[in-house]
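First the structure, in the form of structure tokens, and then the observations on it.
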């Protein structure tokens with residue numbers, strides 16, 4: 030009599046080594062994606078800050094016609110130049126588009142300043158290199174240990 034032994038050891042699925050390889054590849058791709066996302070968000074915030082400052086500067090010059098006495102965030106909110114997300118209930122500037130703090134002041138009738146503090150170097154440089162038109166706007170950069178500071182002024 031002839032007998033045959035049949036080995037029914039069917040292995041379906043993946044081995045642990047294959048699964049670890051796939052997880053390693055996914056991890057490497059995720060790190061690259063997070064880095065790209067971070068750079069994209071920094072660029073977005075820099076562009077938003079530049080747009081807000083340029084638009085605010087043009088509206089200040091147009092509205093106040095070189096009579097800037099008493100200019101601050103509360104005044105700009107009251108005439109519609111800034112919306113409520115940038116001005117606190119007390120009238121102080123809040124939620125800067127970049128950096129940690131910002132102010133809008135007018136030390137004299139013919140001069141105003143928009144100051145952003147705690148700005149990273151990349152957006153600070155972008156603001157400084159931006160085209161400000163023939164408006165006579167002056168951009169000053171101060172870089173220190175607590176980040177950079179951008180001053181946008183109009184003579």
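Numbering (our numbering), first residue to last: 30 to 184.
Every residue, glycine too, gets a C-beta built ideally from N, C-alpha and C.
Just so we're clear, the structure is a prediction, and the values are computed from it rather than from any experiment.
Since residue i and residue j are thought to touch, with beta carbons under 8 Å apart, how far apart are those beta carbons, to the nearest angstrom?
{"i": "residue 81", "j": "residue 126", "result": "5 Å"}
{"i": "residue 88", "j": "residue 110", "result": "5 Å"}
{"i": "residue 143", "j": "residue 101", "result": "That belief does not hold up - the Cβ atoms of residue 143 and residue 101 are roughly 11 Å apart, past 8 Å."}
{"i": "residue 96", "j": "residue 123", "result": "That pair is no contact at about 26 Å."}
{"i": "residue 135", "j": "residue 98", "result": "6 Å"}
{"i": "residue 71", "j": "residue 159", "result": "Rounded, the Cβ-Cβ distance is 16 Å, inconsistent with contact."}
Of the choices the options, whose alpha-carbon is the least far from that of residue i?
{"i": "residue 155", "options": "74, 97, 141 and 124", "result": "74"}
{"i": "residue 141", "options": "113, 149 and 90", "result": "90"}
What residues in its chain sit with their C-beta under 6 Å from that of residue i, if we drop five residues either side in the sequence?
{"i": "residue 62", "result": "none"}
What number of angstroms, rounded off, separates the C-alpha of residue i from the C-alpha of residue j?
{"i": "residue 116", "j": "residue 78", "result": "15 Å"}
{"i": "residue 58", "j": "residue 41", "result": "28 Å"}
{"i": "residue 66", "j": "residue 76", "result": "15 Å"}
{"i": "residue 157", "j": "residue 84", "result": "15 Å"}
{"i": "residue 47", "j": "residue 54", "result": "11 Å"}
{"i": "residue 118", "j": "residue 69", "result": "32 Å"}
{"i": "residue 153", "j": "residue 43", "result": "51 Å"}
Here's the rule: buried if 16 or more other CB atoms are within 10 angstroms of the residue's CB, otherwise exposed. What is residue i?
{"i": "residue 86", "result": "buried"}
{"i": "residue 145", "result": "buried"}
Starting from the C-beta of residue i, find all residues in its chain whose C-beta is less than 7 Å away, skip the five residues before and the five after it, and write them out in chain order.
{"i": "residue 50", "result": "none"}
{"i": "residue 121", "result": "102"}
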